[in-house]
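Going down the list, the sequences are from chains A and B.
Heads up: the first sequence begins at 1190 in the working numbering, then just goes up one per residue.
Heads up: the second sequence begins at 1190 in the working numbering, then just goes up one per residue.
So the structure is just underneath, and the comments pick up after that.
Protein chains: 2
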Amino acid sequence: MTEKTTYSISDLAAEFDLTTRSIRFYEDHQLLKPTRRGQTRIYSRQDRVQLKLILRGKRLGFSLIEIKELFDLWDATTGGSEKQLLLLKEKIDERKVNLEQQQHDIKMLQLELNNAQNRCEQALVEIRNNKA
Amino acid sequence: MTEKTTYSISDLAAEFDLTTRSIRFYEDHQLLKPTRRGQTRIYSRQDRVQLKLILRGKRLGFSLIEIKELFDLWDATTGGSEKQLLLLKEKIDERKVNLEQQQHDIKMLQLELNNAQNRCEQALVEIRNNKA
DNA sequence: GTTTACCTTTACGTTCACGTCAACTTGTTT
DNA sequence: AAACAAGTTGACGTGAACGTAAAGGTAAAC
């Protein structure tokens, strides 16, 4: 076996550094749908990918509801009506615009951080000159 | 006058599409420090820039506390001790790493959105073929 | 066979980022 | 002067995203 095929809830909790409580919380809100053996949750590789996507969304500041919306959008691409699909395209475009804004924000912040870093270096140089 | 030099709280609320409550909330948490005329808040151009920065941080998913930390970092570059400055550099680097992660996340999500959009187009084409 | 480790649900508690009154002062208009 | 707009400080309410404690099921390890 080169890759694990199923995971327990604590496997995932450990791997992604979150609590089992969080993982169950995501399931409560339909972001995950693991199968069960008895009442114990069994997570597939797909479930693990899904969890990765959730965390990525969170890092970008999306709410869980927004993340679920994205998942639903994706699911809807298989077997949606024409009307649904058009609405879907709109939603996707909204997201893309949103992400472009975020990219811009990141670039601005990066500039400012570099700026701060330069000021920092400069201040250090001055301190060391005064010492000598 | 080519540019306004001061703003009322509702000026800013209108311009950035938020409530006066939010603006006062930011002040409560030391993210803004407008001057006062009597008890009325007067916002300078600098305050307005500061507010812009707050909103940018929020769009990137930073908490208000984290945003305040960034401001404090920046302030500390003027007149910090050597030790402070070194610690500062570390913090800035953390942020930069963080932002690079976010940039990566965005790129991944953009790929997925494009992917979804293609599936969407494809599905639309098929529907239209079946109609004919 | 019972401790140990891990899993389960139920339910109340908490923090963050505001929203929403309420009660008030301070100009401004009529 | 009376009304109205815009600002002020509390204080309590709210939804999101969990934390945490309670009470118990299950299965391997000793």
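Note that beta-carbon positions come from the ideal geometry of N, C-alpha and C, so glycine has one too.
Range covered by the alpha helix (DSSP H) that runs through residue i
i, result
"Ser1252 (chain A)", "Looking at the DSSP string, Ser1252 (chain A) is not in any alpha helix (DSSP H), and its letter there is neither H nor E."
"Thr1209 (chain B)", "Thr1209 to Asp1217"
"Lys1272 (chain B)", "Glu1271 to Lys1320"
"Glu1204 (chain B)", "Ile1198 to Phe1205"
Extent of the continuous beta strand (DSSP E) run through residue i
i, result
"Ser1233 (chain B)", "Thr1229 to Ser1233"
"Thr1224 (chain A)", "Thr1224 to Arg1226"
Residue i CB to nearest heavy atom of the ligand PLP below 7 Å
i, result
"Thr1209 (chain A)", "The ligand content of the structure shown is nil, which means the ligand PLP is not present either."
CB-CB length for residue i against residue j, believed under 8 Å
i, j, result
"Leu1302 (chain A)", "Lys1285 (chain B)", "6 Å"
"Ala1312 (chain B)", "Thr1266 (chain A)", "6 Å"
"Gln1291 (chain A)", "Leu1249 (chain A)", "7 Å"
"Gln1273 (chain B)", "Ile1281 (chain A)", "At roughly 46 Å, the Cβ-Cβ gap does not stay under 8 Å, so Gln1273 (chain B) and Ile1281 (chain A) are not in contact."
Proximity winner among the options, relative to residue i (alpha-carbon distances)
i, options, result
"Arg1226 (chain B)", "B:Glu1279, B:Gln1235 and B:Ile1198", "B:Ile1198"
"Glu1289 (chain A)", "B:Ser1233, B:Met1297, B:Glu1283 and B:Asp1282", "B:Met1297"
"Leu1240 (chain A)", "A:Asp1200, A:Asp1294, A:Ala1265 and A:Thr1229", "A:Asp1200"
"Asp1135 (chain B)", "B:Ala1321, B:Gln1235, B:Leu1244 and B:Leu1249", "It is not possible to answer for residue 1135 (chain B), since the shown part of chain B is limited to 1190 through 1321."
"Leu1276 (chain A)", "A:Leu1259, A:Leu1242 and A:Glu1315", "A:Leu1259"
"Lys1257 (chain A)", "A:Gln1292, A:Glu1271 and A:Leu1221", "A:Leu1221"
"Gly1269 (chain B)", "A:Phe1214, A:Ile1316 and A:Lys1272", "A:Ile1316"
"Asp1236 (chain B)", "B:Ile1281, B:Ile1212 and B:Gln1299", "B:Ile1212"
"Gln1219 (chain A)", "A:Lys1193, A:Ile1254, A:Arg1234 and A:Glu1204", "A:Ile1254"
"Tyr1215 (chain A)", "A:Gln1228, A:Lys1193, A:Thr1194 and A:Gly1246", "A:Gly1246"
"Arg1234 (chain A)", "A:Phe1251, A:Val1314, A:Glu1279 and A:Thr1194", "A:Thr1194"
"Tyr1196 (chain B)", "B:Ser1252, B:Val1314 and B:Ile1231", "B:Ile1231"
"Lys1320 (chain B)", "A:Glu1271, A:Ala1203 and A:Arg1210", "A:Glu1271"
"Asn1287 (chain B)", "B:Asn1318, B:Phe1251 and B:Glu1310", "B:Phe1251"
Residue(s) in a DSSP beta bridge with residue i
i, result
"Thr1195 (chain A)", "A:Ser1233"
Q: Report the residues of the region 1232–1263 of chain B with a CB closer than 7 Å to any CB of chain A, ordered along the chain.
A: Going along the region 1232–1263 of chain B in chain order, one finds Arg1245, Arg1248, Leu1249, Gly1250, Leu1262 and Trp1263 with a Cβ nearer than 7 Å to chain A.
**Q.** the region 1209–1220 of chain A: positions lying closer than 9 Å to chain B by Cβ
**A.** Answer set for the region 1209–1220 of chain A: empty.
Q. Going along the chain, which residues of the region 1275–1304 of chain A sit with their C-beta nearer than 7 Å to a C-beta in chain B?
A. Taking 7 Å as the Cβ-Cβ cut-off against chain B, the residues of the region 1275–1304 of chain A that qualify are Leu1277, Lys1278, Ile1281, Arg1284, Lys1285, Leu1288, Gln1290, Gln1291, Gln1292, Asp1294, Ile1295, Met1297, Leu1298, Gln1299 and Leu1302.
**Q.** Interfacial residues, the region 1304–1315 of chain B to chain A, with Cβ spacing under 7 Å
**A.** Result list: Ala1305, Gln1306, Arg1308, Cys1309, Ala1312 and Leu1313.
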